[in-house]
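Down below is the structure, laid out as structure tokens.
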Amino acid sequence: MSAGSLKVWSWLHTWTSLVCTVFMLLLCLTGLPLIFHHEIGHLLGTEAEPAEMPADTPRISLDRVVDIAGERHPDLGGMFLSQEMDDDRIWYLTMSPTPRSHDGLKQVAVDARTGEILVEPQLESGFMYVINSLHIDLFAGLPGMLFLGLMGFLLLISLVSGAVLYAPFMRKLRFGEVRRERTKRIKWLDLHNVLGIVTLVWFFVVGATGVINAWADLLVDYWQEDQLSEMVAPYAGKPVPEQIGSLEAAVQAARRLEPGMSVQFVAFPGTTFSSPHHYGVFMRGNEPLTSRLSKPVLVDATTSEVTDSRELPWYFKVLQVSQPLHFGDYGGRGVQILWAVLDILTIVVLGSGLYLWFAKRRRRSAQSVEISDATKLSGGKA
37 MSAGSLKVWS
47 WLHTWTSLVC
57 TVFMLLLCLT
67 GLPLIFHHEI
77 GHLLGTEAEP
87 AEMPADTPRI
97 SLDRVVDIAG
107 ERHPDLGGMF
117 LSQEMDDDRI
127 WYLTMSPTPR
137 SHDGLKQVAV
147 DARTGEILVE
157 PQLESGFMYV
167 INSLHIDLFA
177 GLPGMLFLGL
187 MGFLLLISLV
197 SGAVLYAPFM
207 RKLRFGEVRR
217 ERTKRIKWLD
227 LHNVLGIVTL
237 VWFFVVGATG
247 VINAWADLLV
257 DYWQEDQLSE
267 MVAPYAGKPV
277 PEQIGSLEAA
287 VQAARRLEPG
297 MSVQFVAFPG
307 TTFSSPHHYG
317 VFMRGNEPLT
327 SRLSKPVLVD
337 ATTSEVTDSR
347 ELPWYFKVLQ
357 VSQPLHFGDY
367 GGRGVQILWA
377 VLDILTIVVL
387 GSGLYLWFAK
397 RRRRSAQSVE
407 ISDATKLSGG
417 KA
């Protein structure tokens with residue numbers, strides 16, 4: 037690499053890193069508890085704890101689930117109904133003042149077998165709410181998400197430029213060598229380079245999926261205009277039904293259409309994933325990869341007949357795969373621990389990068405003072 041190219045890559049790595057590092061540190065620090073959000077929820081008592089029963093215990097009707105939650109919050113209506121991917125014993129019903137409300141949301145966890153209300157997870161308060169909001173949008177909504185997406189893009193440039201610089205800067209050292217006999221700054225520089233190259237692929241994957249996730253709201257909006265509008269077009273101009281039909285019947289209709297799939301979530305009529313005339317029943321596969329991918333089934337909310345169903349477009353599938361990959365939700369506890377270790381190492385890389393930059397600035401400032409003092413002592417002659 038020529039001296040000119042080396043200077044350009046070094047400048048690019050330095051300044052893209054400096055601009056995004058503080059925000060990446062924030063995302064790494066908030067991302068660490070999010071990796072173990074279920075475990076933390078159990079410790080804080082905010083996760084539902086269903087009683088142990090035989091696996092074949094009958095499930096109550098979904099209409100009964102809605103009624104039970106409605107008795108707790110009679111002034112709210114159903115918005116979304118969902119289950120955890122690996123636990124079909126609990127239904128989580130999200131309720132709201134209107135189908136598209138952003139505030140005043142409540143969630144009720146109902147035992148799918150007994151109808152008992154297990155817990156009401158806090159959607160707009162609590163430790164994990166603060167952590168999640170900081171990580172996703174800095175409490176700034178879509179502008180915050182897009183800003184963090186931009187910081188993620190700068191991170192990717194920083195990682196690529198760092199990888200390019202690694203070989204010329206480390207060509208005289210063995211891989212992984214840290215020169216402990218040198219100055220503190222040199223030791224931290226070697227450690228920064230070693231940990232940076234070790235975590236490079238992981239950090240690039242997490243950064244890239246983070247950038248994709250930052251576009252989530254815009255991708256959903258585009259899907260609504262591109263696909264959902266076509267699926268509900270036959271209902272254009274029809275009056276909104278005054279009363280909707282059975283949720284249980286709608287879900288059963290979707291299950292008959294896709295017998296080899298499971299329910300991921302249900303969007304009530306009028307929400308962002310349905311229309312005023314439909315239940316949006318989103319089905320998922322049962323394999324490790326297909327379990328992360330949805331297939332929407334629109335069911336007429338009054339007749340319980342399937343009116344349309346189609347595969348999600350490629351950009352929506354990319355989004356759905358990137359979300360669990362970002363937080364290490366593949367592979368169980370082992371992957372969670374690996375993600376946590378790599379996250380901690382990355383925090384060291386980011387922190388050492390800041391330290392090296394400030395140390396370099398202090399050294400240059402000290403050198404400038406020494407030159408100035410020498411010039412004064414010599415009568416102005418350098």
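Quick note on this note's numbering: the sequence shown kicks off at 37 and runs consecutively. Don't be surprised by glycine CBs; every beta carbon is placed ideally from N, CA and C. These numbers were taken from a predicted model, which means no experiment stands behind them.
**OP:** Provide the residue span of the beta strand (DSSP E) that contains Tyr107, from first to last.
**Re:** The sequence shown places Glu at residue 107, rather than the Tyr named in the question. DSSP places Glu107 in no beta strand (DSSP E) but in the uninterrupted alpha helix (DSSP H) bounded by 98-108.
**OP:** May I ask you to list the residues that DSSP assigns as paired with Met131?
**Re:** Met131 is bridged by DSSP to Gly114, Lys142.
Subject >> Bridge partner(s) assigned by DSSP for Tyr315 >> reply: Answer is Val335, bridged to Tyr315.
Original post:
To which residues of the same chain is Gly232 closer than 7 Å at the C-beta, ignoring the five residues directly before and after it?
Top reply: So the list reads Gly198, Val385, once near-sequence residues are dropped.
**OP:** Identify whether Asp379 lies in helix, strand or coil by the three-state DSSP scheme.
**Re:** The three-state secondary structure of Asp379, taken from DSSP, is helix.
**OP:** Over the uninterrupted alpha helix (DSSP H) stretch that includes Met356, give me the two end residues.
**Re:** Reading off the sequence, residue 356 comes out as Gln, not Met. 350-363 is the span of the alpha helix (DSSP H), which, as asked, contains Gln356.
Subject >> Complete beta strand (DSSP E) runs within the stretch 223-263 (minimum length 3 residues, chain order) >> reply: Listed in chain order, nothing qualifies, since the stretch 223-263 has no complete beta strand (DSSP E) run of 3 or more residues.
**OP:** Compute the distance between the beta-carbons of Leu129 and Gln119, then report whether it is under 8 Å.
**Re:** 8 Å or more divides the Cβ of Leu129 from the Cβ of Gln119.
Subject >> Identity of the residues DSSP links to Arg398 by a beta bridge >> reply: Bridge pairing for Arg398: absent [DSSP].
Original post:
Three or more C-beta pairs closer than 8 Å, one from the stretch 349-367 and one from the stretch 61-74: is that the case here?
Top reply: With contact defined as three or more Cβ pairs closer than 8 Å, the stretch 349-367 and the stretch 61-74 are in contact.
**OP:** Can you check DSSP and say which residues form a bridge with Phe301?
**Re:** Beta-bridge analysis with DSSP links Phe301 to Ser118, Phe318.
Original post:
If you run the structure through DSSP and keep just helix, strand and coil, what is Arg125?
Top reply: Residue state, collapsed to three classes: strand.
Original post:
Should Val247 and Gly185 be called a contact, given that it needs their Cβ atoms to be closer than 8 Å?
Top reply: When the beta-carbon positions are compared, Val247 and Gly185 come within less than 8 Å of each other.
**OP:** Taking Ala148 and Pro157 to be in contact with their CB atoms under 8 Å, please state how far apart those CB atoms are, rounded to whole angstroms.
**Re:** Beta-carbon to beta-carbon, Ala148 and Pro157 are separated by about 16 Å, too far to satisfy the 8 Å threshold.
Original post:
Which residues bound the beta strand (DSSP E) around Leu154?
Top reply: Per DSSP, Leu154 belongs to the beta strand (DSSP E) from 153-155.
Original post:
Between Met181, Ile76, Thr134, Pro312, which lies nearest to Asp253 when the distance is taken from Cα to Cα?
Top reply: Comparing Cα positions, the closest option is Met181.
Subject >> Extent of the continuous alpha helix (DSSP H) to which Val166 belongs >> reply: Under the DSSP assignment, Val166 falls in the alpha helix (DSSP H) whose first and last residues are 163-172.
**OP:** Identify, in the order they occur along the chain, each residue of the same chain with its Cβ nearer than 6 Å to the Cβ of Leu61, setting aside the five sequence neighbours on each side.
**Re:** Closer than 6 Å at the Cβ level, and outside the excluded window around Leu61, lie Leu386.
Original post:
At which residues does the alpha helix (DSSP H) containing Thr343 begin and terminate?
Top reply: From DSSP, Thr343 is part of no alpha helix (DSSP H) but of the beta strand (DSSP E) over 342-345.
**OP:** Tell me whether Ser330 sits in a helix, a strand or coil according to DSSP, three-state version.
**Re:** DSSP places Ser330 in strand when its eight states are reduced to three.
Original post:
With 16 other CB atoms within 10 Å as the buried threshold, where does Phe163 fall?
Top reply: Within a 10 Å sphere around the beta-carbon of Phe163 sit fewer than 16 other beta-carbons, which makes this residue exposed.
Subject >> Chain-order list of residues whose beta-carbon lies under 6 Å from that of Gln260 (same chain, five-residue window excluded) >> reply: Here the set comprises nothing.
**OP:** State the CB to CB distance for the pair Pro135 and Thr338, rounded to an integer number of angstroms; the pair is presumed to be in contact (CB under 8 Å).
**Re:** Wrong, their Cβ atoms sit about 16 Å apart, outside the cutoff.
Subject >> Three CB pairs or more closer than 8 Å across the stretch 189-203 and the stretch 256-272 >> reply: No: fewer than three Cβ pairs fall under 8 Å.
**OP:** Could you pull the start and end residues of the alpha helix (DSSP H) that Pro69 belongs to?
**Re:** Segment 39-71, the alpha helix (DSSP H) holding Pro69.
Original post:
Taking Cβ positions only, does Gln372 come closer than 8 Å to chain B?
Top reply: Looking for chain B here will not work: only one protein chain is present.
**OP:** Would you mind reading off the limits of the alpha helix (DSSP H) that contains Val287?
**Re:** Segment 283-293, the alpha helix (DSSP H) holding Val287.
Subject >> Bridge partners - Asp147, DSSP secondary structure assignment >> reply: Looking at the DSSP assignment, Asp147 forms a beta bridge with Ile126.
Original post:
In whole angstroms, what is the alpha-carbon distance linking Val377 and Gly370?
Top reply: Computed Cα separation, rounded: 11 Å.
Original post:
To which residues of the same chain is Ala250 closer than 7 Å at the C-beta, ignoring the five residues directly before and after it?
Top reply: Cβ within range, chain order: Met181, Leu182, Leu184, Gly185, Gly188.
Original post:
If you pair each beta-carbon of the stretch 321-336 with each one of the stretch 271-290, do three or more pairs fall below 8 Å?
Top reply: Yes, the stretch 321-336 is in contact with the stretch 271-290.
Original post:
If we ignore side chains and look at the alpha-carbon of each, how far apart do Ser345 and Met267 end up?
Top reply: Straight-line Cα distance between these residues: approximately 8 Å.
Original post:
If you draw a straight line from the alpha carbon of Glu347 to that of Arg320, how long is it in whole angstroms?
Top reply: Taking the straight line joining both Cα atoms gives about 11 Å.
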